[in-house]
Amino acid sequence: MCTKITSKEQLLTMYDNVKELIEKRTTLQEKPEKYHISVCGGTGCMSSKSEEIVKSLKHWAKEYGVEDKVEVAITGCFGFCERGPIVKIFPDHTFYTKVTVEETERIIRRHVCSHDVINHLLYKNNNGERVFTQENIDFYKKQNRIALRNCGLINPEEIAESIAAKGYQALATALFDMTPDQVIEVVTASGLRGRGGAGFPTGLKWKFAKNAKSKKKYVICNADEGDPGAFMDRSILEGDPHSVLESMAICGYAIGADEGYIYIRAEYPLAIKRLRIAIKQATEMGLLGDNIMGTGFSFNIKIKYGAGAFVCGEETALIHSIEGKRGEPTLKPPFPAEKGLYGKPTNVNNVETWANIPYILLNGASNFASIGTEKSTGTKVFALAGKINNGGLVEVPMGITLREIIYDIGGGIPNGKKFKAVQTGGPSGGCLSEKDLDTPVDYDSLVAKGSMMGSGGMIVLDEDDCMVNIAKFYLEFTVEESCGKCTPCRIGNMRMLEILNRITEGKGEMHDLFELENLATTIQSSALCALGQSAPNPVLSTLKEFRDEYVAHIVDKKCPAGSCRSLLNYEIVTDLCLGCGLCARNCPTNAIYRTDKTGANARLNAYAINPDKCVKCGACVSKCPAKPKAIKK
Amino acid sequence: MRTNEEMFNELDRFIEQECNCDEQELIAILHRAQEIFGYLPMVVQAHVARKLGINVSKVYGVVSFYSFFSMEPKGEYVISICMGTACFVRGSDKILERVEQILGIKNGQTTADGKFTITTLRCVGACGLAPVLQINDKTYGNITPEDVESIIAQY
Ligand SMILES: Cc1cc2nc3c(=O)[nH]c(=O)nc-3n(C[C@H](O)[C@H](O)[C@H](O)COP(=O)(O)O)c2cc1C
Ligand code: FES
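Set out below in structure tokens:
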């Protein structure tokens, strides 16, 4: 189908022709004639062999002679990565988790050939019940998928599937039925705020770029996704690349730009591949490129690769990087809307921000604004990870509480451990503790509590995590990623890191805490860009919420979570030691020796650790078969 | 093994035909050069600078700024340990330590026989499988320090 689309009617006719592709999936039907099996092709599931699963499903369909009764395709991330690989069967909506290649024969033989559900592949809810469909899984109940609406539904490598999911209709509406000002009005009225971290109102940003006088303007999609431990943007690009392309073209029309760039991390090969396919297909169909849908409006999109520098997520640094230079930020103003890429007015938005735009144009600003809270409308995607039962990608309405996300969706903390803190905002954000769990998740409430929304990383920590060490982890990250252009960030953050190192090694003193706070406030007010300004946040927020842990490191020379190595002392409790010698055999430094005392076993002598040789690697603890373990730290 | 000349020819074709010798394409050119040569030694940087008509210092400035670019050759197998937050809180530092111990080299180094290089990276997007380790393009998830030895032994 390489015919170019040259009018809105043509796009709608095409939609009518292909919409069945999606409809037959979304309308629930039991014991159907034909099945469609979607296998998750997100990075997480891909690494657990989803490609082989597809191959193997196809193979068995052939073996059992049911090739015409079943279609197998890769789709975008379902979000339930913890239970991957995920296989969803349409139209009866059966949702299988942790599928292995070995199970594929059974899926074809039992599910496809005899309409029989395979019980042990179904997910068990928190109450122990097996559930058949995605909608009934606790993990999905409180979610509202807008930005991720097509992830897990369509095959991202087929533009027909995107069109069947109403792709490019918002662009057609904008081009044929609206003026640029009307487009900006709708986006403004929706209340959409930037999902890249800062939360700046998107409509307002577009207006600035529209008002800038220039023949040449640019649109940029920020797909640098620098927060370590987050993968929202990547999943959107992998699962629904057309939505992002469509939105960029809509913005181009609204602000008067004809060229767009997607700045993406080179570490995202799958997203890059799918974007390339999407751009090619959309251009062939006349939905992108020159003279879009016969309107005379042209918009071309190019992909530019990042090269592993966190600061390049900052918009001025990103622009320099696209220009082929070192990605150092520059002072704002001038804002990119006045003087951006190649000195021309430029509008930069984040991937998730883009993914919301078609929904807003098709469903109306008030529909979008009715979701979420008054000042934070719509939904937010989080990459829920860390010490959590059901980690993965979740999209929730703004205003939901942290408790709901962590317990109702995430299923709480594994292994019966106690919740300690939740970190949002990545290296620029902060940690909140138990007492703040009922805080609604919106831009302003999180900031008021000393954290921030950030781009969507949400890391749950339990009692075994040392908060000083976590603060150090983030600070190490920013120190490594500091571009070095301004002194407060280059040197100030380094000094803070040195203090944290001292504290975790048991060499801290009480006045170090004062020193930390002092440095932090200076850096916040004097660093050049938001990377430096926000770098002290993880330290300040942990100091505020978990000050006693810092004090324990300094005064008692103890790490309450048992995580800081220099403050640990491994010891074998003679009375519990079985004398098996497994610890001694696994000790990399031969620090464990047999004593002349008997322990729990009258026939074998107990072991002991020589503290001078011990490197505190913990290998002995993990090998000790005694219950309770005979080795204490 | 391709000869040096073939590799430089391929790079030149890319610079001339796909980038029009435009210095704004410097990062794309360096990506391609690293693909071709495996790393970016000074001769390659100087060559790129000459082709684009810019100073070597400018090329070097960009190469040294971005962590993706390497001025050292890498081993046949690159073992990358994810040090993203999700992996970190699930103990990836212990995985790194174990890999270092087994290979007898530190993060960033290559074994004397040129077989293994250890690197770290930030979030491979498989946080649900944390901690995660990659060897070239293959990803291993939910690993413990005890698993490391048998994984490396496969190579
Ligand atoms: C150090 C730093 C890193 C950033 N990293 C990202 C990023 O990875 N992705 C992103 O979309 N925005 C990032 N931002 C925010 C961008 O500067 C910019 O605000 C955003 O792309 C604007 O898009 P939005 O309004 O749609 O959020 C970063 C900002 C700073 C200061
Ligand atoms: S933090 Fe390691 S895969 Fe995300």
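Chains as they are written, first to last, in this note's numbering: chain V, 5 to 637; chain C, 746 to 900.
The C-beta atom is built at its ideal place from N, Cα and C for all residues, glycine as well.
In this text the structure is predicted, and so the values were computed from the model without any measurement.
- The residues Gly171, Tyr172, Ala174, Leu175 and Pro362, in chain order, have a CB closer than 7 Å to that of Glu250(V) in the same chain once the five nearest residues on each side in sequence are set aside.
- Between Pro333(V) and Leu532(V), the gap from beta carbon to beta carbon is short of 8 Å.
- Using a Cβ-Cβ cut-off of 8 Å, Cys533(V) does not count as an interface residue toward chain C, since no Cβ of chain C sits closer than that to its own.
- For Tyr309(V), the chain C residues whose C-beta falls within less than 8 Å of its own C-beta are Ile772, Ala773 and His776, listed in chain order.
- With a minimum length of 4 residues, the unbroken runs of alpha helix (DSSP H) contained wholly in the region 14-92 of chain V fall at 24-30, 47-51 and 54-67.
- The shortest C-alpha to C-alpha distance from Ser247(V) to any of Ile158(V), Gly415(V), Lys35(V) and Asn419(V) is the one to Ile158(V).
- Chain-order list of chain C residues neighbouring Pro36(V): empty, with the shortest C-beta distance near 31 Å, by a criterion of under 7 Å.
- For Ser459(V), there is no enclosing alpha helix (DSSP H), as DSSP marks it with neither H nor E.
- Beyond the five residues adjoining it in sequence on each side, Ile760(C) comes within less than 7 Å, by CB distance, of Cys766, Ile774 and Lys796 in the same chain, given in chain order.
- The beta carbon of Pro232(V) sits closer than 7 Å to at least one heavy atom of ligand 2.
- Within the region 863-884 of chain C, the residues whose Cβ lies closer than 9 Å to some Cβ of chain V are Leu866, Arg867, Cys868, Val869, Gly870, Ala871, Cys872, Gly873, Leu874, Ala875, Val877, Gln879, Asp882, Lys883 and Thr884, listed in chain order.
- In this structure, the C-beta of Cys490(V) stays at least 7 Å away from each heavy atom of ligand 1.
- Contact annotation: Lys627(V) and Cys587(V) have beta-carbon atoms nearer than 8 Å.
- Taken in chain order, the members of the region 798-830 of chain C whose beta-carbon sits within less than 8 Å of a beta-carbon on chain V are Gly806, Val807, Phe810, Tyr811, Ser812, Phe813, Phe814, Met828, Gly829 and Thr830.
- DSSP places Lys489(V) in no beta strand (DSSP E); its state is neither H nor E.
- By the Cβ rule, the region 101-109 of chain V counts as touching the region 55-65 of chain V, because three or more pairs are nearer than 8 Å.
- Beta-bridge pairing by DSSP links Cys568(V) to no other residue.
- A residue is called buried once 16 or more other Cβ atoms fall within 10 Å of its Cβ, and Thr593(V), having fewer, is exposed.
- At least one CB of chain V lies nearer than 8 Å to the CB of Val834(C).
- One thing to note: Cys872(C) has its Cβ within 8 Å of the Cβ of Gly233(V).
- Interface flag for Gln846(C) against chain V is set, since a Cβ pair is found closer than 8 Å.
- Thr10(V) and Leu366(V) have their C-alpha atoms some 20 Å from each other.
- Interface flag for Gln790(C) against chain V is unset, since no Cβ pair is found closer than 8 Å.
- From the beta-carbon of Glu842(C), the residues of chain V found nearer than 8 Å are Cys621.
- Proximity of the beta carbon of Lys209(V) to ligand 1 is indicated: a heavy atom of the ligand is located closer than 7 Å.
- Under the 8 Å Cβ criterion, the region 264-272 of chain V counts as touching the region 226-245 of chain V, having at least three qualifying pairs.
- By the criterion of at least three beta-carbon pairs nearer than 8 Å, the region 346-360 of chain V is not in contact with the region 421-432 of chain V.
- With respect to chain V, the C-beta atom of Gln769(C) has a partner C-beta closer than 8 Å.
- Each residue's CA atom was taken as its position, placing Arg499(V) and Leu441(V) some 32 Å apart.
- Against chain V, the beta carbon of Gly853(C) has no neighbour under 8 Å; the closest one sits roughly 12 Å away.
- For chain C, the residues of the region 312-337 of chain V that bring a beta carbon within less than 9 Å of one of its beta carbons are Gly312, Ala313, Phe314, Cys316, Ser325, Ile326, Glu327, Gly328, Lys329, Arg330, Gly331 and Glu332, in chain order.
- Asn304(V) carries a strand assignment under DSSP once its states are collapsed to helix, strand and coil.
- Using a CB distance cut-off of 8 Å, Ser626(V) counts as an interface residue toward chain C.
- Between the C-alpha atoms of Asn800(C) and Ala794(C) there is a straight-line separation of about 6 Å.
- Among the CB atoms of chain V, one or more fall inside 8 Å of the CB of Glu891(C).
- Annotation for Ile840(C): Ile826, Pro876, Leu878, Ile888, Pro890 and Val893 place their beta carbon closer than 7 Å to its own, counting only its chain and skipping 5 residues before and after.
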